[in-house]
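These protein sequence lines are chains A and B, in that order.
Numbers 1390 to 1817, taken from the numbering used here, label the letters of the first sequence in order.
Numbers 1390 to 1817, taken from the numbering used here, label the letters of the second sequence in order.
Protein chains: 2
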Amino acid sequence: MKIIDVIVRDIRFPTSKDNIGTDSLHIDCDYSATYVTILTDDNNLSGVGLTFTIGKGNDLCCKSIDYFKDFIINREIDELEKNLLFIWYQVTDHSQLRWVGPNKGVVHLAAAAFFNAIWDLISKYYNKPLWKYVLDLQPEELLKKVSFSYINDVITEDEAIEIIKEKKKIIPNNLDVLESTIFPAYTTAAGWLGYSDEKMKKLANEYLQKGWTHFKMKVGQDIERDIHRCDIIRNVIGNENILMVDSNQIWSVKDSIENINELKKYNILFFEEPTSTDDILGFRKIKDAHPGEKLATGEMIQNKILFKQFIENNSLDFSQIDSCRLASLNEIIPVLLMSSKFDIPVIPHAGGVGLCEYVQHINIINKFLFSNNTFFLCEYADSCSEHFENPAQIINGSYVTPTKPGYSVKIKDNSLNKFDYNTGVYWN
Amino acid sequence: MKIIDVIVRDIRFPTSKDNIGTDSLHIDCDYSATYVTILTDDNNLSGVGLTFTIGKGNDLCCKSIDYFKDFIINREIDELEKNLLFIWYQVTDHSQLRWVGPNKGVVHLAAAAFFNAIWDLISKYYNKPLWKYVLDLQPEELLKKVSFSYINDVITEDEAIEIIKEKKKIIPNNLDVLESTIFPAYTTAAGWLGYSDEKMKKLANEYLQKGWTHFKMKVGQDIERDIHRCDIIRNVIGNENILMVDSNQIWSVKDSIENINELKKYNILFFEEPTSTDDILGFRKIKDAHPGEKLATGEMIQNKILFKQFIENNSLDFSQIDSCRLASLNEIIPVLLMSSKFDIPVIPHAGGVGLCEYVQHINIINKFLFSNNTFFLCEYADSCSEHFENPAQIINGSYVTPTKPGYSVKIKDNSLNKFDYNTGVYWN
């Protein structure tokens, strides 16, 4: 079976109308997807992948992928699977494009969409959900697909093999057990910055009734308003439930130290993105100023080299990996392995377009192949789930393990045709 | 006087034919420019700016600039000058585009081209070379144009004012002295990886005869070949001249430690980019393994937040700022200030397209407004100088201070028309 074409579409949903996704820095998000379809000579088999953006710039990611197509067109799927890491380097270390990256920004987000589609294709080829395809690989086979470039001063392939082999000893061999794993989630649904007090209260109450126990709230307006909002949420959810806050990088290091001092009385599980997520040393300064308080970051950490430093420098307490910013599992797995080695819980970023669908696989892979921690949690936001053929399912505030083959991000044809930014009826 | 339009052209020179720019990771560079022209309602006044890329991806930078145009069209130049930092934040913290950056990669390179054109326009409006326009500004006025976001834990505006005021006390007030300043340069002309032994010897000899005393060589093939090339160059230039090597990030941290051990006997002024320039902690590990050896990096350091950490963490010994990767003087000046505070010499990256033309201004600004160090040096490579109306001038291995108004990167119309990637006769 052979790859015959790669199709890219610029899909944008007009979520800014409803203030979905609003935070201290992103005030008008139109949740978007750089949507990739890999066609094969078998009409019943195609790979689908995406990267998530918030509107403008989605076109740039789409255009980048034109440069990657030739690396896979005309390849047999067996051969693609065997040479996956080689192709990953051809794309991410492209001799001309790396100047405008490398391994970050537009071209790296595009690489994520492209390799997400490839992993989807390969797991469908084996008729398995992505998580199951990965769990079934021999440790050596899996590691041949992932990149250790620039990180072997912190984790070696030998260490990685050991981590996986130890976990494999205790992996449930009954598929029913794996498929019925329930993975705990938290919600930001009540906490967007654009919401009024009343809307926040109403939504927090609704989610509490549905069985949710972990709530995240955006902060980063003036600090008095942030305190007021923490008060509101704590009053609704009580002290027995968990609260997290997220300031989306709006503060300097100094601001972060001051503002966390004001908010920590609300018993916050973690402060997310207090300052720039390029600032490994800055995060550590904030932690040192507030012993006992915990920091989370990752949705904007550009690549495994920056993750490496955040982890080894004790600059974060929770790794919030993003399935569309890191260049697919080839790069995500090394971050999961480093998180395991340093015993850092992984709490994937989700929401947006397709992120919940992706991370439900990553959670299972991390739980059964890598992590030795007992704390598991994942973000959930039901934005745009109506557009997916098989959206992530939640029961009582927990993710239900997906069972269909592939990596779960196929968008309905109706939605694609309506919201294609170039040809869709909505935008025309 | 008012801005009426912004024109962007994708200019690519076919330098890969001659192996110019070849290094361990960039094997087929077509030196390119995202070329921006700001038109005003005065036919005699326009601003020209560019960012440098190496071929593919230049189109992505061009396309990004479409999103910035509206921030300046219809503005008066006085008003543009007054609101420069506000506009800089509108572009670099754009509420949707920041997701595909922020402050790095394609969109940040595009911001550099855009603001380079604006600084060119403003200094031409005052009929001064860019360096002179900046030197003439009051310290407070200058600092109102530069960004301190995310760096005030390492340098404050008050500290910056002090640095500039102290330097202003000893600035020569005779323009002739400033204009006749000669700024020492080094050359990489003999050291590209694609060159044969014979070509290297010949070029090194030629440049020695022309008065050059500082030579840089690319390394990063197999280490035996690197040693062989160091031998050749040292034999030609002798021990009295200065040698530097550049491995363009090809090594891991471990490789770097091993390979520097092999090469340091050649008395190397600095090892440039041994490993990924995202790796602040990695650079420090390499330095700690080789006390006394010096590291240089910067042409790929994405923004001032990463520079901040490299500097405060003692991870580099020379700041190689890039005039087209940092988003113009608004971001370069903060890096010069931090380098001054920590007494790190600044050795700008040059070569490519237009970089020599840009850094000749930055060198003068740094020498007379910021640096208290006595060591001054700047890269020079005469690639593509034939296409510029007023290319940087070198005498006896030193830069000659530019005297014409503006920021010096106007490309000849003939060259633009021939090498425009969309419409030029060369590519069609």
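We put the CB at the ideal spot given by N, CA and C, even for glycine.
The beta-carbon separation of L1469 of chain B and I1507 of chain B, rounded to 7 angstroms, stays under the 8 angstroms limit for a contact.
Inclusion of G1583 of chain B and M1589 of chain B in the CB contact set at 8 angstroms is not warranted, their separation being larger than that value. Taking the Cα positions, D1399 of chain A is about 39 angstroms away from K1643 of chain A. If you check the CB distance, I1560 of chain A and F1757 of chain A come in under 8 angstroms.
Three or more Cβ pairs drawn from the region 1768-1783 of chain B and the region 1401-1420 of chain B lie within less than 8 angstroms of each other, which places the two stretches in contact.
Per DSSP, reduced to three states, the secondary structure at H1776 of chain B is helical.
When secondary structure is reduced to three states using DSSP, T1545 of chain B falls in the coil class, being assigned neither helix nor strand. Look at the region 1667-1700 of chain A: the residues with a C-beta under 9 angstroms from a C-beta of chain B are D1667, D1668, I1669, L1670, G1671, K1674, M1689, Q1691, N1692, I1694, L1695, K1697, Q1698. Apart from the 5 residues on each side of it in sequence, L1658 of chain A sits with its Cβ closer than 6 angstroms to the Cβ of I1631, M1633 in its chain, given in chain order. Residue contact with chain B for D1706 of chain A: absent (no Cβ-Cβ distance below 8 angstroms to any residue of chain B).
One Cα belongs to V1489 of chain B, the other to V1566 of chain B, and the distance between them is close to 45 angstroms. Runs of alpha helix (DSSP H) with 4 or more residues, each lying fully within the region 1740-1808 of chain B, are found at 1744-1754, 1802-1808, listed in chain order.
Here I1443 of chain B is near S1421 of chain B, since their CB atoms are less than 8 angstroms apart.
For T1404 of chain A, no chain B residue has a C-beta closer than 7 angstroms to its own C-beta; the minimum C-beta separation is roughly 12 angstroms.
Residue state for Y1420 of chain A is assigned as coil, using DSSP reduced to three classes. According to DSSP, L1428 of chain B shares a beta bridge with B:D1394, B:S1435. The count of Cβ pairs closer than 8 angstroms, one atom from the region 1759-1770 of chain B and one from the region 1775-1789 of chain A, stays below three, leaving the stretches out of contact. Per DSSP, D1620 of chain B is one residue of the alpha helix (DSSP H) stretching across 1612-1626. Taking the Cα of I1736 of chain A as reference, the smallest distance to any Cα among A:S1712, A:E1720, A:S1717, A:V1742 is reached at A:S1712. Pairing D1448 of chain B with K1452 of chain A gives a Cβ-Cβ distance under 8 angstroms. Restricted to the region 1486-1566 of chain A, not a single beta strand (DSSP E) segment is unbroken, complete and at least 3 residues in length. Among the CB atoms of chain B, none fall inside 8 angstroms of the CB of T1577 of chain A. Annotation for N1702 of chain A: I1669, R1673 place their beta carbon closer than 7 angstroms to its own, counting only its chain and skipping 5 residues before and after. Taking C-beta atoms as the reference points, S1641 of chain A and Y1478 of chain B fail to come closer than 8 angstroms. Bridge partners of Y1575 of chain B according to DSSP: B:E1768. In this structure, DSSP gives S1641 of chain A a state outside helix and strand, which the three-state scheme calls coil. By the neighbour-count definition (other C-beta atoms within 10 Å, threshold 16), P1518 of chain B is a buried residue.
Residues of the region 1506-1525 of chain B that bring their beta carbon within less than 9 angstroms of a beta carbon in chain A are absent altogether. Cβ proximity to chain A below 8 angstroms picks out H1415, I1416, D1417, C1418, D1419 from the region 1415-1429 of chain B. Within the region 1484-1503 of chain B, the residues whose Cβ lies closer than 9 angstroms to any Cβ of chain A are, in chain order, S1484, Q1485, L1486, R1487, W1488, V1489, G1490, P1491, N1492, K1493, G1494, V1495, V1496, H1497, L1498. According to DSSP, R1401 of chain B shares a beta bridge with B:S1421. N1562 of chain B and R1623 of chain B have their C-alpha atoms roughly 42 angstroms apart.
Excluding its 5 nearest sequence neighbours in each direction, P1791 of chain B has C-beta neighbours in its own chain below 6 angstroms: P1518, Q1749, S1797, listed in chain order.
One thing to note: A1501 of chain B has its Cβ within 8 angstroms of the Cβ of L1715 of chain B. In the three-state scheme derived from DSSP, where H, G and I count as helix and E and B as strand, K1599 of chain A is classed as coil.
F1572 of chain B has its alpha-carbon roughly 12 angstroms from the corresponding atom of W1601 of chain B.
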